[in-house]
Each structure stands twice: as C-alpha cells, then as structure tokens.
Amino acid sequence: MRTKAVITFAFASTLSTSFAADLPRPRGVSPEYAKYYKDASSFACIFNPSITLEASQINDDFCDCPDGSDEPGTSACSHISALSPPSAAISDSTLNNTAALPGFYCKNKGHRPAYIPFTYVNDGICDYDNCCDGSDESEGIVKCEDKCKEIGTMWKKAEEQKQKTLNVAMQKRRDLVATAARLKLEVEEKISNLKSMVQADEIKIQEAENNLVETEKREKLRAITAPKTGGRLGVLVSLAKKRTEDLRAGVLKLMQEKASAEFRVKELEGILEAFKTEYNPNFNDEGVKRAVRAWEEYEARGRHPADDHVAQKEMEDLVQDDSEHGLTWDDYETADRDTDSLYLIESYLPPSARDWLRQKYADVRVFLVDNGILPAVDNDAAGESKAVQDTRTHLDSVKSERDGHQSDLTNNESDLTKNYGPDDVFRALKGECVNVESGEYTYEHCFMDKTTQKPNKGGMDTAMGYFDRIEFVNVDEGEPADGKGLGSGERIALRYENGATCWNGPARSTTVILVCYEINEVWKVVEEEKCIYRMEAGSPAACTPEGSRGASQAAGKDEL
Amino acid sequence: MQSRQQLPSSWTTLPVILATLALLVSPVFMVKHENFKTCDQSGFCKRNRQFADSASADKSWSSPYALDASTIKFSKGQLEGTILKSVAADEQIRLPVVVSFLETGSARVTIDEEKRQKGEIELRHNSKARKERYNESEKHAIVGSLKGSKDAKVADGAEKGTTVIYYGPDEKFQAVITHKPFGLTFKRDGKAQVQFNERGLLNVEHWRPKPPDVPAEEEKKEGEEAKVEEKKVEESGEDTSTWWEESFGGNTDTKPRGPESVALDISFPGFSVVYGIPEHASSMALKQTRGGDGNYNEPYRLFNADVFEYELDSPMTLYGSIPFMQAHSKDSTVGVFWLNGAETWVDIVKSTSKANPLSLGSKDFTTTQTHWFSESGLMDVFVFLGPTPSDVIKSYGELTGTTAMPQEFAIAYHQCRWNYVTDQDVKDVDKRFDKFNIPYDVIWLDIEYTDGKKYFTWDPLTFKNPDSMIKHLDKRSRKLVTIIDPHIKNTDSYPVVDALKKKDLAVHDKDNNIYEGWCWPGSSHWIDCLNPAAIEWWKSLFKYKAFVGTGSNVFIWNDMNEPSVFNGPETSMPRDNLHFQNWEHRDVHNIYGMTYHNATYQALLARSKAEEKSPRRPFVLTRAFFPGSQRTAAMWTGDNLAEWSHLAASLPMVLNQGIAGMPFAGADVGGFFGNPSKELLTRWYQAGAFYPFFRGHAHIDTRRREPYVAGEPYTGIMTQALRLRYSLLPAWYTAFREAHVYGTPIVRPNWFVHPEDEGGFALDDQLYLADTGLLFKPVVAEAANSVDIYLADDTPYFDYFTYKTYKGKGSHTIEAPLEKIPLLMRAGHIVPRRDRARRSSALMRNDPYTLVIVLGSDGKAAGELYFDDGESFDYEAGAYIHRTFSYADGKLSSADKYPEKGKGFDKYAKSVSKLRVERVVVVNPPAEWEKVAKVSVTQDGKEKYVKMSFVKGESGHASYAVVRDPKVQIVKDWGIVFA
C-alpha cells in the first residue's frame, strides 16, 4: 500500500526563468511543466501518457488523469495523494497514481513564484502567504486581489535586512572562530606548560623520596641516643596529638554531614510542604492521603529539636584549634628534644667532632641492630619524629602537586580533542549564558554546559540537561518576518541530557537548535514532550563557514 | 524534525530508553473501587435486593400493594387512583397513582406518596429540605407532549379485579391493570410485552418517624452485635440500619427524610435480550446481574460519578445516566424509561421455560426480568410498545427531545490535549496540521489556559494574546473550544465567585450555607443551574466583553459536571446538600450535570444572538448527562486508557449511546491516560473516524501525539482515516439530520438495522453508519492482519475501497493490514461524499459531490443528502437542501425529500445553486454496461450525454462504472438514464 506521505508543498524559488516563460500555459502550470501543455489539440497525462485527453479537459474541474496532471489549475485532483483514502473508482491501481505536479503554481508577478498544494485551490481562502497574486481563487468563491507588489516590496526589504544581519553575523562568527583559535592555542600552551611542570614535579618527587630515606636513617640513629623516658613521652605526645587531630577531623566531618543532612531535610520538608498544598485529592489515592496525614503529624511534633544550636556550639568549640584551649603541641614536642640534649655529651663537643661521633654511634648501632644484638626501634608513623614526618609531608605535597598538574593536563588534552563544532566555534562561547522568559519561567542556556529552568516567582532551579553532544537536525518551520525562527533545512543543535528527572517521566533533556543570527538569543522554548525541551535560538556561531547557508535567512532555498 | 549525524546512537535509542523507563515507572491504571459504593454499601440498594430475595424465597409471597378500585377515575386518557400499601394489620399507606395514555402512543405510570405530597411529615436535623418526593424530573427531561389520548378507552367487561385500557395507534395497545396485588401488563396485538410488579417487588418506602434510639443499639457489646442486628431485622421484617443515616468513605449522609426509595420489577416476557441504560463500560447487550457464569454480581448502577481510570466489563457507574432500556426479540422491540434523577440501580435476570417436547412448534421461552430501584423521588415510568427499534427510539425522542442539529465543524475532527500550553503552541499545532496536509476543524484547551483555574480568565503568562490566536484559527474557519467547569474558585478578587456568592446562586450545604468543596482550583463553590436566575447570570459571563479573548469561533467544553468534588463522598457532592427551592442533592444528582450544560448552551445561544447577525448553533461537550442532554450537548466517554482493550470497549459504549437517544458520542482517540503505541494510535484514528464525535485527546503527563508526530507510515495512514471522515461528511451530516428529526442513532448496531437477525443481537463490535449501508468494523487488536466481519443477510457487500465482494450471511474475513480500514458498502444504497481534500470542513462547502451507487441483484438503490449552511438556525425556516436519490431500472433520479418549502428555502437554494455532482460511481453495475460509453442526463427538461467508463471486476472484485461529470445541480431534480 501507499505509505509514504508526499508533501506537495514547496517553494518554487529555484525554478529558473530560463524556461520559456512566454509559452502560453494553462492556469497553475509552472514554466518547468509548460512543455507538457504545448499541444493545443490534445493532452497526455504526464505520468500516464497512454491516456490522452482533449485539450478542453485541462482545467475543466474534473480529474481525468490518475496522476492529476490534467487539472493544474483547479482542486479537482486534490485527492491524488497517498494521504487520501484509496479508491478504486477514482484511482485505478493499475495506473500510476502518483501526483505528477508539485502543486498549483502561483506566478506571483512582482514577487517570488511559488507552489501551493492543490487542496488550497478554490477553497474560499486567499492564501497570500505563498500565493500573493490571488490566483489560487479563480472560481470566485472569494475575491483575492493581487497583493504581490506590496508583499514583494516588504519581502525585499526584509531580505535586505536579513542580508545585513547575516553579514554582521558572519563577521561575528569569524571573530568567534578567531577567539576559539586563540583559546585553543592557549590550551595547547597550557598543555605544554603542564607537561614540563609534571616533569619538574617528577624530579622533585625523586628528590623528596631520597630525602625521606636519608632522614629516616638519621632518625634511626637519633632513636638510640634518645633517653628512654623522653622517647616514650615523645611517642605519647605525638600519639595524643594524632588522636586529637583524628577526633577533630571526625567532628568536622560529622558537622559537614550534619549540615548536609539538615539541608536535605529542609529540602525534603519543602517538597512535602508543597506536596501537601498542591496534591490533587481528586485521585483519592490512599497512599497519597496517608503520606499527607503522616506529614501533618510530623509537622505537629515540631520540625527542629530546640537544643539543636547548643549541640552545634559544642561541636564548634570542639573543632577549634588546640591553641585556643591553651594547648601547644610543639611546646611538648620541642621541649622533649631540649631535655634529651641535656643527656648528650656530644652537645658539649665541637660540631665536627659531634658529627663524627654521631656517625660512629650510628654505624655501631646499625651494626648491632643488623646483627640482632640490639632491638630495632619502632619506626612507624606514630612513633615518627617530627623531622621524618615533615619530610614525608613534603613528599606527599609534591606528589599531590604532580597529580594536580597531571589531571589538569589530561583535562586540557581532552578539551583539545573535544568536538566544539565546525571550526571549533563553540569553544569561544563555552560557559556563556543566554536567558529568555517564557510563561512563569526564565530559561537559561549556557553554551556547552547546561540548560536551566528558573521559576520567576522564586523557588528552586531545575536542571534541564547537561551538555552531551553536537548534532545536526533537519527542520522545516515557518519563518517569522523578524527572522527569529528556524526556517527550513539542516541546523546545528546542541544536546543537553540527564537533567532533573521528571515525576512519572524521563530525565529532562534539551535540544538547542541554533540558526545563524547576529547575537546570541533564545527565541522560543517548547516542551515537545513531557520533559523533553526544545529551544530555538539564534547565534553567530551557527552561521556556516562558507557563508552560503545563512541558516534562517536562506529559508531552505538550498535544501530543496 | 529529523536528525543526521549521531542519529543511530541518539535519536533512535532515546525513545527506547524512554519507553523502558516509562514501563518501569508508569503507574498501574486501576479504578479505585474503594471510592465507589457496591450495592451492599448503598442502603436502599441492599434493602431492595434483600426485599427481592425474601420475596422470591417465600412461596406464598404476595405484594402488599393494592389498587383501591373505588378510587379509580378515568378521563382524557388518564387513569387516576390510589394504591394502598399494607404495612400492618391496621395501617395502610396511601399512594396516589396516575396511569397516562399519551397521544403519542406512549404510556406513563406515576406513583406518589400522599403524606409526603401533602407535606404531612417531619424532617430531622431541622432540615430545610422539601418534604415532597422530587417531582420535577419531567421539567428537565421531558420536552414532548404529555397530553392524554382522547382515543384511549376503558374496555367494557374486563375480568373482575382488573381494569383494561385500549390505546395507541389503532388501539393496538392494551394496558391490563390488576388491582390486588397491583400489577400492570402492557400488551400489543394481544400479546404481553411489558409487565410491572409481576414478581411483586414494587416497593415505595413510605415516610415514618424515626423511632427513639434503642439503648441497645448504642451500647452494643462485643459479640452481641450480630444478635441485636438480627433481632432488629426480625422485628420489623426489614433491615433498618441504613434508614436514618449512612456513612461511606468518612462522609455521613444525614438523611433528614429517612428511607424513601422506590422500586419496581419490570418483566419482558419473550424477550431474551435488553439494551441501554448507559453509561457503563460493558457489552451493549446487558448481562445478568445476580451471579452465575459470565454474569455480574452487582446491579447496573446509574449515579453520575467521576470514575478515575475506570475498568472494563463492569456494571459500575460512570459519568452519565440514561435510565432507558429496550427489550428486543426478533419480532418486537419495546422500551421502558425510568424517569428518576436520584441514584438508581438495575438488576437483570433471565429465566427460560423449556419448550414442551410434546407440543409441536413450541420453543424455549425466555423472559428477561429487571428490577429497578432509585433512592428517592416519584416512581415515574414510561412504556413504549414499538414494535420496531426505530419506533421505540422515536417515541423516546418525542418525549425527551432529539439531538441538536450540530454545526458542521462539530462532526469533523477535533484536536485536544491537556494542555496546549501557550497561545503560540496553539498556532504551532495549527500550522503543523496544514504543513502535513491533515484536515482538522477544532483545537481545544483544557484547564491550564486559565489564570489559576479561574474560568473566564486567561493565564496572563501563557495566553497573552487569545484574540490573535482565535483570529489565526478563523483564517481557515477553524474553532477553539475552551473548558469551563461548574466549580467556581473560592478566592479573593475573582468577580465571578463574588457574583456567585452575592447573588446566592451556588449549591448549598445541608445547613443551607454556600457549599464549599475541592476541585481543580482548590476550594470552590458550585453553580446551581436548577435555579433559573443562575442560568441568566451564566449567560452574562459568556459575552465577548465578559469572557475577553473569545469570539464567534469559540465554543465550550463542560467537564466535571457529575459533579466531581475531590473531597466529597464518591468524588461528588453530599446528598443532603440543598439546591434551588430546597430540593436535596440526592433527588437531582443525575440531573445536575444536564442542568449545567444546558445553561452553557443557553449562554452560547444568548451570546450568539447578542453578538452576531445570524445566531449560530452552540457547541457544548459534556461528560455528565441525563435524558434530555442530547438536546444541547455532545458527550464523550470520559477518561479512558491508551490500551487496546479501551479501544475495543469504545465501540459498545458509543453504540449504546446511540440506541439510548444520545448519539452524538465518542471516546478519546488515542486513550486519555498513558502513551499509545503508534500502531494503537493509528488503529484508534481509523476507529475514531466512525465515532459521531471524533476527538483526539491526551493526558498532561503523556507525550505529544498529534497525527503528524508519529512519522511514516503512521502519519500517512492516520491522515487517510481523517480524510475518509471528511470525504464522508455529507453522509454524516445527513445522518445527524435524521437523528435531529427522528431521534435515530447515527452509528447503529446490527440488531437495530437487522432486528430479525437473532445471530446479531449481541454484536457490538461493528457498526452501520446511519442508513448509508456503510458497515464498519474496527481493528482493535495488536498486530492484527485481518478482522472477521459479520453479515446479517445475503445481500452482497462490497469493500469500500476496492469493491471486493462479500456475500452470504455469517462471518467473513477481511484482510486488514495497518493501512486498511475494514469498511463495506451494503448493496441497495447511494452514498454521497466529497472527495476533494481540504484543510477544514468549512473549506469544502463549495466542492462538488460524488455519488456512489451500490447495486445488488435487485438492481435498486436509494440514498439521501441533507445540507444547510452548517452554522445558523436558518434551517429551521427551511434554508436547507434535502435530496433523495433513487436508482431503479437503469435510472438514477434526484428528488426533493420534502416538496413543501419553508420561507428560507429559495434564498438558500440560490446561494448553493452552483453545487454539482461531479461524479457518479456505480458499483456492481449490470455487465452489459461495458458497452455503454455515454449516458443520458436530464435536468431542467434538457437532455445531454456524458461519458461513462466501465471497469470489469476481476478475482472477486465487483465491476464499476464512472459517469464523468454529469454537472447536474444538487438543488434541482434531475435524472440519469444508464441504459
């Protein structure tokens, strides 16, 4: 069966005037098809040439040709379409029933010629949109005066304006491309910088590691010289310090969790509050009713415990620095060292001798330990001296610096290969946001980032999607006089996915369809389906590099 | 919109993901049974069923109602008397009875209660309610003559204890009244057709004072409860637990008037099938309701209610009520109309007496016994004795009125959605229909267009410029329908509610304060259209100046008028609420919705009269309805689901509306809740093209589904279905004319067209379009490639599109791949249509006609064409064309149906004189026409010859001939001689 819908509606702007325009043509015939109607005595159906008719049967308001070609100027063959119900008697299936003509041809002298569907012919409506000469209404049901002069003039003006706009837009696009190129260079530079930084970091890490080994060795030596009691006190102090720090970190973490939990509770209470006032009792849903009742009881009990801020204060005290409580760990740690030094003979020696002695002690110590004569000093973190810890901390910080640089590098490298559209043009717009108010919301599009719905009356923003990809879509829309419309043809579109999930629906997503325009603007936001949005927007970035396809300006000229 | 690049990974998988998600999260659609009463939970229903049970259990049962012969009076076709109900040895309740025999041949039986009638009762709770039984149903439902027949007469020499009255055409009808116990048998040609109180279940719960509370009742101890209850029943012989108060779902009905139900058993001897009493999602042939295989356990309920996600194959109540039932057998059709606006239940059982094997020629004899009970009001029953289905529906139409003649756009295609979100959205949808060359006439706005659910306002953010929107629609003669519901938002600075309160035009609560309940806007009041002043006020609200942003192409949708009250008992109003003149809501519950849409009709009419030169016919869609609703509104079957089963269920529901006198009916195409698959949507459009009311609609949580959304091949196939509807609009409009004049159904079930065909009595999945011979059977199963269609006779039928021939009584298989609409043409008919494709119905008005003549073996065919200006009331003054076409003996002729003309005829005929017949198609012509190249055409006494082509049928397809442009004028007489 016939399943393919043929839209017999098309602009005729590409029709060349090189066709013999001076041939006399029956009403509704374009120059392109004039050749079929030359014969003054007979006519052969265009797709069914075996059927020949008398010339008088052309435009006599009766459909003789199964392809409709004998009625180019009436609606008699308007049913010849895959969209009409099939009918044996009026479209014999053994013949070619495809419509031979693209539509009724309006000459529109003074403006652009155009085809309109045969269904529009003699229906009592002046279809000035595409048939400014009023030739679609020849039966006299309604009188349609020729408005081509006026419409044509207006159109020309608008076209000129559009061309100007287009030129501005093109220039802006070139600027954007230049900016994008610069930004790209910057990224490349950054990458090269980061690469050397990472290399430098690696060297630093190596040094720090060596340093740590050195220090550890030295500290092992020191451990022998340290008096037993002082060493134990030192261990105790560092243990206590560590423990205190752990506790403080724990409390801090708890406080953060508490804050986040409170935020969530507040948010949930907000949701329930709204739920209670907005739920639809129509649906008499027992589950919903129960939930509302439970919420009311919960609310009656009081939402926030009264002593809450007391606990908060206590915790804040707890996490204050120890010095606030008159405790200075360093005092104890360094004092420990001072006491030790009293017992050290070496401290009374001149420095050179001291070093020599120390080295000897150490060697002996290592020798004894190595041979199992002396026990090895407990050397794990808790018992580590300040010196080892400092060295280790230094190593860690150098490492994390390296990691930071490395991840920056990876990010920048992937950014460099990311699809920013033709000529990398959207790189220049990344993060730039455009707003439009529509209904009770303001919609925001942040290029290459996200789309957001913001209630004008206040309340939480809703994420309508995060940037996912660039694609191309075919549109076929009308175009308003101000040029702020999609027009027809292929358009670039930015897809934003995985926004906030809808109740009883999918996660929100947005397709931002862009057409060439002099500034970044969002013209229209429509919810095409539940939680699937479409933004129609203008942007210089959407202009094509070659400048030939001025998106909305071309009104689909080159697509057809 | 199509996407290129990355298409495979994005746009194709997204819908799959969405579909999967939808599957996971979509709620299970299920009616909330607990929100609606079963018979057991409805006091009077339970009491009357118990009454029936104890009566049938008791072999010696005798009805305690007797007509006091001494009170009988008869004059002017009316018999009056008093029925005495014995309630105790020394106590009789006086029940005045009137049996009227109307000029029209219908009979009416009305039973009242003297004490209540005279107001000699006391109400509890200081109630302000009226004391009488509600006696104004007829004021709302009846428009026809109730004049008694002069010719009806009491027969002499009737058997003792009976009174016999002859009445009806040629006095063929007979009412036999038995005095003790009171009973009535209606006979036609001496044969009993309808019997009242045959089983002795007549019950009028009389007024009695409430006995002082028995202490035991209040101090029930655990374990004793059952005993006490038992005892209570035993003493009085009745279950009195629901006499004085009833609670359901946390709402208590104070019942200030006590028990007051009316009940009657009505039997149809010799009838095996009954139809009617919509609205139920059930088969058209009504099922038995007292259990057993394939039967229901609950009576059919009539109580207008907003039943959310209703279930199928159920006697549960729905949005509207028409207590009109037909009983049918192969040689007789009769009807009863139970005029009562209160909650009503109907039990149905059938009993078959086996044929006596010794008696030759005797057959099984089935009697259908029905049992009707209403909560309050008069007992008021009309009886129609047929004998044909058309006779019965005509009688009903004479009483309650017929379908309003709709504007032409109203029977074309309507595009609705909850909601088109902005005025720009409306324009965009409109443009897309044009872009895809899909015809449509009306676009609809659901509740979201309002400013905070305040009717008569526009949302200032989303509908900034309604004027520009309706003007845009008007360019192609398209219309807008906006929703206006009966609940008025109770809020500050809303002039409508201020006026409602100030003028005191709202429904009151039991304490006589303005009733407040919840609906879409939150706290709301309900307009009381039983009050004539409320209607006057309502009229003022629709003026263009009052409802700013509307114009002559704006019409109204009345929803939620059951009334739906979100926090009320059974999602409706408390029954002890008070209406105008203090009638209790319980008395008028089922009528309320009709009074509301009637008011809207009046308002649109008044608007048109005030604002337009030539007033146009209003269009109102309603969800709730009652007998008489057909006079002012179309209905739809409410909130159905996007499921195949609901597509299937729409057929019997729409057919049932037709035979119950409210034929302008349809179901939401696509299904309201949920997302239909593209296949289901496509099949639904094919089916919807044969609903009298054809509207696509969708819930706010569903995806967009306008026909152009689905893409090919679906969009093209749906467009074909829509264009088929548009091409057949001349036939549909003619059918509406017939419905308007005679009350006949527009789409008709098999039994209505072939009353004698017992095999087709239960058939409710295929339909005939009026009298056109078009027989349609929708595909209602997924992935189906064929349907079996049932032919009731041996007349040949031809496929509408291919002329494939089907012949022979019984089932035939029609190949039906997705693009195929199973539609046959029955031989003997002439179908008018307009084949040119247009954007809207109004743009077809100047197009020529095609006539399709379908011939059978007798070589005869006939058909009709009616049209008028499609808008105004000028047709009432004769400004219409009504032609009959007949074909016999090789000649087709066109003649005026009514040679007598009204004063508006000439002018109108002149204005349409150019309309012509452009083509005559003859299906199954005589074989010898193959040699005929020209036929003779005569008009205005002039003869000419025009070409005819002939195509010989092959492989089971009929031949056909096409007359090329005879150019005969529709408004004139003409003839075509073929051979």
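Chains as they are written, first to last, in UniProt numbering: chain A, 1 to 560; chain B, 1 to 979.
We put the beta carbon where it would ideally sit given N, CA and C, even for glycine.
Nothing here was measured: the structure is a model prediction, and the numbers come from that model.
Taking contact to mean at least 3 C-beta pairs separated by less than 8 angstroms, is the region 632-642 of chain B in contact with the region 255-275 of chain B? The region 632-642 of chain B is not in contact with the region 255-275 of chain B.
Chain A contacts made by the region 713-732 of chain B, where a contact means CB separation under 8 angstroms: Contact annotation: in the region 713-732 of chain B, residues whose CB is within less than 8 angstroms of a CB in chain A are P713, T715, G716, I717, T719, Q720, A721, R723, L724, S727.
Thinking R122 (chain A) and I141 (chain A) are a contact (beta carbons under 8 angstroms), I'd like their distance in whole angstroms, please. According to the sequence displayed, residue 122 (chain A) carries Asn and not Arg. About 6 angstroms separates the beta carbon of N122 (chain A) from that of I141 (chain A), a gap short enough to meet the 8 angstroms contact definition.
What do you get for R293 (chain A), buried or exposed, if any count of 16 or more other CB atoms within 10 angstroms of its CB means buried? With fewer than 16 Cβ atoms within 10 Å of its Cβ, R293 (chain A) is classed as exposed.
For D965 (chain B), would you say it is in contact with chain A, using Cβ-to-Cβ distances shorter than 9 angstroms as the test? Closer than 9 angstroms to some Cβ of chain A, the Cβ of D965 (chain B) qualifies, so yes.
In whole angstroms, what separates the C-alpha of T501 (chain A) from that of R508 (chain A)? Cα to Cα, the separation comes out at about 6 angstroms.
CA-to-CA distance, T457 (chain B) to K427 (chain B), given in whole angstroms: Spanning the two alpha carbons is a distance of roughly 19 angstroms.
Give me, in chain order, the residues of the same chain whose beta-carbon lies closer than 7 angstroms to that of S913 (chain B); leave out the 5 immediate sequence neighbours on both sides. Listed in chain order, the non-local C-beta contacts of S913 (chain B) below 7 angstroms within the same chain comprise Q969, V971, local neighbours out to five positions each way being set aside.
Is any beta-carbon of chain A found at less than 9 angstroms from that of I438 (chain B)? Interface residue, yes.
Residues in its own chain within less than 8 angstroms of W207 (chain B) by CB, not counting five upstream and five downstream? Excluding residues within five positions, the ones whose Cβ falls inside 8 angstroms are E113, K115, R116, I121, R257, G258, E260.
Complete alpha helix (DSSP H) runs within the UniProt domain "Glycosyl hydrolase family 31 C-terminal" (743-831) of chain B (minimum length 4 residues, chain order): Restricting attention to alpha helix (DSSP H) runs no shorter than 4 residues, the UniProt domain "Glycosyl hydrolase family 31 C-terminal" (743-831) of chain B encloses them at 750-753, ordered along the chain.
Whole-Å CB distance - T805 (chain B) paired with H589 (chain B), under 8 angstroms assumed: Going by Cβ atoms, the distance from T805 (chain B) to H589 (chain B) rounds to 52 angstroms, so no, they are not a contact pair.
In angstroms with no decimal places, state the Cα-to-Cα distance between H179 (chain B) and R575 (chain B). Their Cα atoms are separated by approximately 36 angstroms.
Where the region 777-804 of chain B meets chain A: residues whose CB sits under 7 angstroms from a CB there: Those residues of the region 777-804 of chain B placed with their C-beta closer than 7 angstroms to a C-beta in chain A are F801, T802, Y803, ordered along the chain.
Assign residue 994 (chain B) to one of three DSSP states: helix, strand, or coil. This structure cannot speak to residue 994 (chain B), because chain B is shown only from 1 to 979.
Near P466 (chain B), which residues of its chain fall below 7 angstroms by C-beta distance, leaving aside the five closest residues on each side in sequence? In its chain, beyond the 5 residues on either side, D423, W458, G549 have a beta carbon closer than 7 angstroms to the beta carbon of P466 (chain B).
Listed by chain order, chain B residues near G124 (chain A) by CB distance under 9 angstroms: The contacting residues are S477, A842, L843, R845, N846.
Shortest alpha-carbon distance to V962 (chain B) belongs to which of B:D973, B:F978, B:S955, B:E954? Of all alpha-carbon atoms in B:D973, B:F978, B:S955, B:E954, the one lying nearest the alpha-carbon of V962 (chain B) is that of B:F978.
Output the boundary residues of the beta strand (DSSP E) element that contains Y601 (chain B). Careful: Y601 (chain B) lies outside any beta strand (DSSP E), inside the alpha helix (DSSP H) at 585-611.
From V497 (chain B) to Y908 (chain B), what distance separates their C-alpha atoms? Rounded to whole angstroms, the separation of the alpha carbons of Y908 (chain B) and V497 (chain B) is 44 angstroms.
Can you tell me whether K524 (chain A) is buried or exposed? The criterion is at least 16 other CB atoms within 10 Å of its CB, across all chains shown. Buried.
So which residues of chain A does L461 (chain B) contact, with C-beta pairs closer than 7 angstroms? By Cβ distance, chain A contributes G439, E440.
Classify A249 (chain A): buried if its beta carbon has 16 or more other beta carbons within 10 angstroms, exposed otherwise. So A249 (chain A) ends up on the exposed side.
Find the nearest neighbour of Q415 (chain B) within the set B:G401, B:K431, B:M405, B:T400, judged by alpha-carbon distance. Of the residues B:G401, B:K431, B:M405, B:T400, the one whose Cα lies closest to the Cα of Q415 (chain B) is B:K431.
Thinking C-alpha only, which one of B:L445, B:T772, B:Q720, B:W751 is nearest E738 (chain B)? Of the listed residues, the one whose Cα sits closest to E738 (chain B) is B:T772.
Scan the region 271-305 of chain B for residues whose Cβ lies nearer than 7 angstroms to a Cβ of chain A and list them as they occur along the chain. Those residues of the region 271-305 of chain B placed with their C-beta closer than 7 angstroms to a C-beta in chain A do not exist.
Check each residue of the region 823-842 of chain B: if its Cβ is closer than 7 angstroms to any Cβ of chain A, include it; give the result in chain order. If the cut-off is 7 angstroms between Cβ atoms, the region 823-842 of chain B has D835, R836, A837, R838, R839 near chain A.
Within the continuous beta strand (DSSP E) that includes Q389 (chain A), where are the two ends? Where Q389 (chain A) is concerned, there is no enclosing beta strand (DSSP E), although the alpha helix (DSSP H) it sits in stretches over 386-417.
Of the residues A:S81, A:S260, A:E207, A:Y105, which one's Cα is nearest the Cα of N97 (chain A)? Per the Cα distances, A:S81.
Taking C-beta to C-beta, are F365 (chain B) and S374 (chain B) nearer than 9 angstroms? With respect to the 9 angstroms criterion, F365 (chain B) and S374 (chain B) are not classified as neighbours on the basis of their beta carbons.
Does the separation of the CB atoms of D61 (chain A) and D835 (chain B) fall below 9 angstroms? No, the Cβ-Cβ distance between D61 (chain A) and D835 (chain B) is not below 9 angstroms.
Taking E398 (chain B) as part of the beta strand (DSSP E), name the residues at either end of that continuous run. Here E398 (chain B) belongs to no beta strand (DSSP E); instead the alpha helix (DSSP H) covers 389-400.
Status (buried if at least 16 other CB within 10 Å, exposed otherwise) for L185 (chain A): Classification of L185 (chain A): exposed, given that the 10 Å Cβ count is below 16.
Return yes when the Cβ of A781 (chain B) is within less than 9 angstroms of the Cβ of W732 (chain B), no when it is not. Not in contact: W732 (chain B) and A781 (chain B) (Cβ atoms no closer than 9 angstroms).
Measuring CA to CA, which of A:H394, A:G68, A:S41 is closest to G28 (chain A)? Ranking A:H394, A:G68, A:S41 by Cα distance to G28 (chain A) puts A:G68 first.
Where the beta strand (DSSP E) containing N435 (chain A) begins and where it ends: First-last of the beta strand (DSSP E) with N435 (chain A): 433-438.
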